[in-house]
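In the UniProt record's numbering, the protein residues as written are 1 to 326.
Backbone N, C-alpha and C fix where the C-beta goes; we use that ideal spot for every residue, glycine too.
As the structure is a computational prediction, the values presented were derived from the model and not from experiment.
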C-alpha cells in the first residue's frame, strides 16, 4: 500500500505536472505526485521511492520569488503580445500602453489574452511556450498559474481561482464566491440566496466611470435592485447626495430615516391656498406603484411603500359640477 503524505506548504501552489519533475538524483529515485481534489484542494505527495525531494530542484523553483514583476503582478516572466508582437510585463501593462492618449486612435487595442502563446523568463530571458516552469533554468514563473487565462502570479495571498462560468480568473478564494448563471458573474457567497437576478448584471460599463465591469480589477458593488457599479463610484455618488441607481432609479440604500425628515419638512411647509386641491399622478421608482397624491413643492410620497423616491407623471384633471341657477 502506497504511503501518502502532505506536500510541503510552500510547494502546494505548483501544478502536478511541475512537481513530477522534482527528482532525487542522488538516490536515483523519483517522487510521483498526485493531486487530491479534497475540500482544500491540497496537492499530495505519493512516495514510491526515496524520502526527500531534490533540494536543488526546489531551490531553482523558488529562485527570484516576489522579486520580479510590475505594478499589477509579482511574477517571474514577461509576455509577448500576440496582437503586436511586443514584450510587456503583463496584459494590463500592454493595455495601458496601447490605449494611451498618445497612441493614434486606429492603433489602440487590447491584448487577446487567451491567445497568448509565448512567455519570456525574467531570470534567464529564455522565450518559450506558455508553461509554469522555465524549461531553460527551471525557475517557477508564477506560483499561481492558470493555463486557460495564461495568468502568472507569485502573490498567492490574493487567493486566485479560475471560474469556469466566468471563463476568467478571480481573486478572493473560491469558497467565498458562487457563480450565478443568470447574472453571468461571480458574487459573494453572502448574496447567494438574497440577490435579485439581473441577466448579464456585470456585462456592461459602470454607469459612472464607463469602465467595463466584468473584467474590472476594481471592487464592484451589487445594489439592492441587482444592478452593479464600481464600489468607489457608488461611494462618490453618495458623497454628492445621489442615492438612486443610475440605471433604474431605485434607492441604493435604506432611506427610511430620510423619508421621515421629508415628512417633517412637508408638515412644516404648508402650500398656498390655490394649491390646496391640486393633485398629481406619481410613479414610485422604488416599488413601481402609481398613485394620485396631494401636490407639494418639496416632494410627493408614494401611498404604497411610503417612499419619496417618486416622479410626477401628470396633473390630475379637476372635475367640477355646475351649480343650479334659481
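7 Å CB neighbourhood of residue i in its chain, flanking five on each side removed
i: residue 212; result: 205
i: residue 40; result: Only weak support is given to the placement of residue 40: the predicted model assigns it a pLDDT of 35, under 50, and the question is left unresolved by the model.
i: residue 293; result: 279, 280, 282, 300, 301, 303
i: residue 113; result: 91, 149, 150
i: residue 109; result: 83, 98
i: residue 94; result: 81, 88, 111
i: residue 70; result: 89, 90, 93
In DSSP terms, what residue i is bridged to
i: residue 74; result: 69
i: residue 283; result: 290, 311
i: residue 80; result: 87, 118
i: residue 228; result: 222
i: residue 163; result: 168
i: residue 212; result: 205
i: residue 153; result: 144
i: residue 251; result: 244
Coil, strand or helix - residue i by DSSP
i: residue 244; result: strand
i: residue 314; result: strand
i: residue 128; result: strand
i: residue 262; result: helix
i: residue 179; result: strand
i: residue 168; result: strand
i: residue 134; result: coil
i: residue 188; result: strand
i: residue 269; result: coil
Option nearest residue i by Cα separation, candidates the options
i: residue 117; options: 137, 97, 81; result: 81
i: residue 327; options: 168, 189, 61; result: The requested residue 327 is not part of the displayed model; the chain covers only 1 to 326.
i: residue 120; options: 88, 138, 78; result: 78
i: residue 298; options: 306, 288, 285, 271; result: 271
i: residue 254; options: 152, 310, 286; result: 286
i: residue 248; options: 261, 264, 266, 310; result: 310
i: residue 217; options: 193, 72, 264, 157; result: 72
i: residue 262; options: 214, 85, 306; result: 306
Alpha-carbon spacing of residue i relative to residue j, whole angstroms
i: residue 308; j: residue 282; result: 10 Å
i: residue 91; j: residue 100; result: 14 Å
i: residue 235; j: residue 250; result: 16 Å
i: residue 74; j: residue 312; result: 55 Å
i: residue 231; j: residue 220; result: 5 Å
i: residue 143; j: residue 244; result: 43 Å
i: residue 111; j: residue 128; result: 19 Å
i: residue 242; j: residue 170; result: 30 Å
i: residue 132; j: residue 141; result: 6 Å
i: residue 147; j: residue 256; result: 49 Å
i: residue 139; j: residue 65; result: 9 Å
i: residue 295; j: residue 252; result: 25 Å
Sequence-distant residues of the same chain with beta carbon closer than 8 Å to residue i, five excluded per side
i: residue 226; result: 183, 195, 196, 197, 198, 201
i: residue 239; result: none
i: residue 186; result: 163, 165, 166, 170, 177, 178, 179, 180
i: residue 209; result: 230, 233
i: residue 135; result: 126, 128
Other residues of its chain near residue i: CB distance less than 6 Å, five sequence neighbours each side excluded
i: residue 173; result: 159
i: residue 68; result: 76, 122
i: residue 246; result: 207
i: residue 259; result: 308
heavy atom of the ligand NAP below 7 Å from residue i C-beta
i: residue 251; result: Among the ligands in the structure shown, none appear at all, so the ligand NAP cannot be discussed.
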